[in-house]
Amino acid sequence: PRVDENTPRDAPASKASADDGHGQDQSATTLESQNITEAPKPAATPRKTTGQVVATQDQTCPSSDRTTAEQERETLGERIADQLLASKRLRDERGELWKKLDKLEQRIHGHQEIMGSNEENNGMVQLRMELCEELQSKLSGMHDDLGQNRLKLDESTRGVDLLLEDKMRLAG
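The sequence shown begins at 2 in this note's numbering and counts up one residue at a time.
Okay, here's the thing in structure tokens:
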């Protein structure tokens with residue numbers, strides 16, 4: 002029997018069958034002996050013997066079914082990879098948001114401590130109170146000086162009035 006020469010995988014089998022001389026195509030056993038894991042591509046018009054039909058049905062499934070299954074596995078694998086990548090991005094974004102939230106909470110806490118701390122605020126308030134007391138003391142001292150000046154002015158004014166009265170009496 003003659004094998005179609007358009008399929009290069011069957012070429013060694015055709016030589017083996019020509020050398021064998023039994024008239025039976027040995028392509029399935031030749032492929033197995035060469036450890037080829039890929040199924041042979043069917044020729045345009047393959048010829049099958051009874052032994053081949055059993056071997057071919059056991060070893061291969063229709064190529065369209067296998068191709069569809071492989072495509073589905075690849076598509077599913079791609080979808081899984083995409084979902085895993087999206088999940089990783091979301092986890093990373095969530096982590097960044099948590100970091101920002103923590104930083105903001107720390108800033109808020111820091112401001113609350115500054116506003117509520119007795120040491121710093123009391124220090125500022127105490128300093129201002131001391132300045133106010135110092136100013137009050139100075140103002141009080143100035144008030145006292147003004148009071149003494151007024152008394153002296155009043156005495157001076159009375160003295161001038163007495164002198165003017167004496168002058169008017171003498172002129173008069």
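Cβ atoms here follow ideal geometry from the backbone N, Cα and C, with glycine treated the same way. Bear in mind the structure is a predicted one, so any value in this text is a computation, not a measurement.
- Straight through space, the alpha carbons of Leu152 and Gly160 are spaced by roughly 12 Å.
- Look at Ser65 here: in three-state DSSP terms it is helix.
- Excluding residues up to 5 positions away in sequence, nothing lies with its Cβ nearer than 6 Å to the Cβ of Leu102 in the same chain.
- Straight-line measurement puts the Cα of Leu171 at about 50 Å from the Cα of Gln137.
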